[in-house]
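K.L.:
The structure's right below; bear with me while I get my questions together.
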Amino acid sequence: MKYISTKKGMLIFLGFDLALLLILFVALLPFIRQKQAPDTQDSALLNPKYTSQVHSITLSMQDNSVDLFHRHKITLLNCEGTWVGSDSTNDSLIWPADNQSVQNLIALASTVTTMYKRSDRVTSWKDFDLEESDAFCLTFYGEADSVLSQLYFGREDTLTQRIAVRTSSRGTVWDIPSDIMTYLTLNQSFWADPYIYPRLVTGLSDAESSSLLRRGLIQNALCQGNADTTFSKDFGDGSGLRLSLFKQDDGSYLVNAVCVPGLADSEFRARTVRAVNYSYAISAWTYEHLMEE
């Protein structure tokens, strides 16, 4: 009779144990993967069926420089296909908004994307900068100020290029691609129509308006006193633009702009266009170009 040596027996025993562990690991692998797999959902920030129903948009964030509960807010209003905006720092001033930027925001918000769940706990909001005092709030409204979607954006992970987000109605924290960060801004010059002749009254395309870029920033107050130059432009259907230009010490100009509605405009559109009253800066070069019109 042959006897197996102790050393050889140990090797056989270890090999048998390893085989059992391998079989067990293979059997449990699907469950391990399932447990480790992130909880995801494919969804949009704004239901795509609501894109044509967006009547207004607000973007806001708490501004502690004013007081503990003050929120700095940009409001964008749909004026029958073109948009106007205002800034809460001086909401008596209304400026034509950049239609393309607004449409880009709506399109991005209504695009279905993969969202990763980060937490189900309301107590985790602080960890993601998603408490109301820290988060950037984006709200889409329908007619009669019905809320179509209200979202709070928090901390961005620059490594993964994703940003934390929650809705106003649920406690769940998700993260999404950070593309939307481009539009999470309260810079009114970003949201304002970039042209001296705003498309609110001209209906001109980008190609037709490109030589008349204002380039200067939107101002928070109108210029007071007597203008150095006044300028009027009529667009053939009753609509027009009235500019008052104030020369600055550095040779640039501040411009007060007033819009005039067209004769065929609806009562709502005419009222909105007449309410437009804003100020912006232009360079000496732009001023000379404007005077050549």
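Everything in the sequence shown is counted per our numbering, starting at 1028 for the first residue and increasing by one. The beta carbon of each residue, even a glycine, is placed where N, CA and C say it ideally should be.
1. In whole angstroms, give me the CA-to-CA distance for residue 1202 and residue 1115.
2. Any contact between the stretch 1232-1247 and the stretch 1259-1266? By contact I mean 3 or more CB pairs, one from each, below 8 Å.
3. Count the other CB atoms, across all protein chains shown, that sit within 10 Å of the CB of residue 1125; report buried if there are 16 or more and exposed otherwise.
4. Grouping DSSP H, G and I as helix and E and B as strand, with all else coil, what is residue 1082?
5. Short of 7 Å in beta carbon distance, which residues of its chain neighbour residue 1157, apart from the five on each side in sequence? Order them along the chain.
6. Quick one: complete alpha helix (DSSP H) runs, 4+ long, within the stretch 1218-1242?
7. Buried or exposed, going by whether 16 or more other CB atoms sit within 10 Å of the CB of residue 1112?
8. Grab the span of the beta strand (DSSP E) containing residue 1304 for me, first residue to last.
9. Ordered along the chain, which non-local residues of its own chain (more than five positions away) have a Cβ less than 7 Å from that of residue 1302?
10. State the DSSP-derived secondary structure class of residue 1259, mapped to helix, strand or coil.
11. Mind checking who residue 1189 pairs with in its DSSP beta bridge?
12. Does the Cβ of residue 1312 have 16 or more other Cβ atoms within 10 Å, making it buried, or fewer, making it exposed?
13. Please report the distance separating the alpha-carbon of residue 1314 from that of residue 1175.
14. What's the gap between the Cα of residue 1143 and the Cα of residue 1310?
15. Would residue 1260 and residue 1307 qualify as a contact pair, given that the criterion is a beta-carbon distance under 9 Å?
16. Inspect the beta-carbon positions of residue 1290 and residue 1207 and report whether they are closer than 9 Å.
17. What did DSSP end up calling residue 1097 once you bin it into helix, strand or coil?
18. Tell me which residue opens and which closes the beta strand (DSSP E) that residue 1284 is part of.
19. Quick one: using the 10 Å Cβ neighbour count with 16 as the cut-off for buried, is residue 1228 buried or exposed?
20. Among the candidates 1102, 1187, 1184, 1209, whose CA atom is the shortest distance from the CA of residue 1166?
21. Ignore the nearest five residues each way along the sequence and tell me which others in residue 1183's own chain have a CB closer than 6 Å to its CB.
22. Is it true that the CB of residue 1268 sits closer than 9 Å to the CB of residue 1286?
23. Could you compute how far the alpha carbon of residue 1087 sits from the alpha carbon of residue 1136?
24. Is it buried or exposed for residue 1089, if we count other Cβ within 10 angstroms and need 16 for buried?
25. With a CB to CB cut of under 8 Å and the five nearest residues on each side skipped, what residues in its chain are close to residue 1107?
26. What is the DSSP secondary structure of residue 1172, counted as helix, strand or coil?
27. Could you tell me the boundaries of the alpha helix (DSSP H) in which residue 1130 lies?
28. Measuring CB to CB, does residue 1245 end up less than 9 Å from residue 1168?
29. Which residue from 1243, 1248, 1316 puts its Cα closest to that of residue 1118?
P.N.:
By the coordinates alone:
1. Here residue 1202 refers to the residue found at position 175 of the sequence shown. Here residue 1115 refers to the residue found at position 88 of the sequence shown. Computed Cα separation, rounded: 29 Å.
2. no
3. Taking the sequence shown and counting its residues from 1, one reaches residue 1125 at position 98. Buried, because 16 or more other Cβ atoms sit within 10 Å of the Cβ of residue 1125.
4. Locating residue 1082 in the sequence shown gives position 55, where the first residue counts as 1. Reduced to three states, the DSSP call for residue 1082 is coil.
5. Counting from one through the sequence shown, the residue named residue 1157 turns up at place 130. If we look at residue 1157 and ignore the five residues flanking it on each side, its Cβ neighbours are 1179, 1181, 1191, 1193, 1200.
6. 1226-1229, 1233-1236
7. Counting from 1 along the sequence shown, the entry for residue 1112 is found at position 85. Under this definition residue 1112 is a buried residue.
8. Walking along the sequence shown from the start, residue 1304 turns up at place 277. Residues 1304-1309.
9. What you label residue 1302 is simply residue 275 of the sequence shown in a count that begins at 1. So the list reads 1121, once near-sequence residues are dropped.
10. In the sequence shown, residue 1259 corresponds to position 232, counting from 1. Correct three-state label for residue 1259: strand.
11. The residue you call residue 1189 lines up with position 162 of the sequence shown. For residue 1189, which the question treats as bridged, DSSP gives the partners 1184, 1204.
12. Here residue 1312 is taken as the residue at index 285 of the sequence shown, counted from 1. Label assigned to residue 1312: exposed.
13. Taking the sequence shown and counting its residues from 1, one reaches residue 1314 at position 287. Taking the sequence shown and counting its residues from 1, one reaches residue 1175 at position 148. Taking the straight line from one Cα to the other gives about 42 Å.
14. Against the sequence shown, residue 1143 aligns to sequence position 116. Against the sequence shown, residue 1310 aligns to sequence position 283. In a straight line, the C-alpha of residue 1143 is about 47 Å away from that of residue 1310.
15. Reading the sequence shown from its first residue, position 233 is the one you call residue 1260. Reading the sequence shown from its first residue, position 280 is the one you call residue 1307. Contact flag unset, no.
16. Start at 1 with the first residue of the sequence shown, and residue 1290 comes out as number 263. Start at 1 with the first residue of the sequence shown, and residue 1207 comes out as number 180. Contact flag unset, no.
17. Your numbering for residue 1097 matches position 70 in the sequence shown. In the structure shown, residue 1097 sits in coil (DSSP, three-state: anything other than H, G, I, E or B).
18. Here residue 1284 corresponds to residue number 257 of the sequence shown, with the count starting at 1. Per DSSP, residue 1284 belongs to the beta strand (DSSP E) from 1280-1287.
19. Numbered from its first residue, the sequence shown carries residue 1228 at position 201. Buried: at least 16 other Cβ atoms inside 10 Å.
20. Here residue 1166 refers to the residue found at position 139 when the sequence shown is read from its first residue. Among 1102, 1187, 1184, 1209, the Cα nearest to that of residue 1166 belongs to 1102.
21. Reading the sequence shown from its first residue, position 156 is the one you call residue 1183. Contacts found: 1190, 1205.
22. For the purposes of this step, residue 1286 is taken as residue 259 along the sequence shown, with counting starting at 1. For the purposes of this step, residue 1268 is taken as residue 241 along the sequence shown, with counting starting at 1. It is a contact, given that the beta carbons lie within the stated cut-off.
23. Taking the sequence shown and counting its residues from 1, the one referred to as residue 1087 is at position 60. Taking the sequence shown and counting its residues from 1, the one referred to as residue 1136 is at position 109. Approximately 16 Å, taken between the alpha carbons.
24. Stepping through the sequence shown from its first residue, residue 1089 is reached at position 62. Result: buried.
25. Within the sequence shown, numbered from 1, the residue matching residue 1107 stands at position 80. The answer, listed in chain order, is 1293, 1295, 1296.
26. Against the sequence shown, residue 1172 aligns to sequence position 145. If DSSP states are grouped into helix, strand and coil, residue 1172 belongs with the helices.
27. In the sequence shown, the residue the question calls residue 1130 occupies position 103. Note, residue 1130: alpha helix (DSSP H), 1126-1136.
28. Locating residue 1245 in the sequence shown gives position 218, counting from the first residue. Locating residue 1168 in the sequence shown gives position 141, counting from the first residue. Against a cut-off of 9 Å, the Cβ pair of residue 1168 and residue 1245 comes out as no contact.
29. To locate residue 1118, count along the sequence shown from 1; it is residue 91. Of the listed residues, the one whose Cα sits closest to residue 1118 is 1248.
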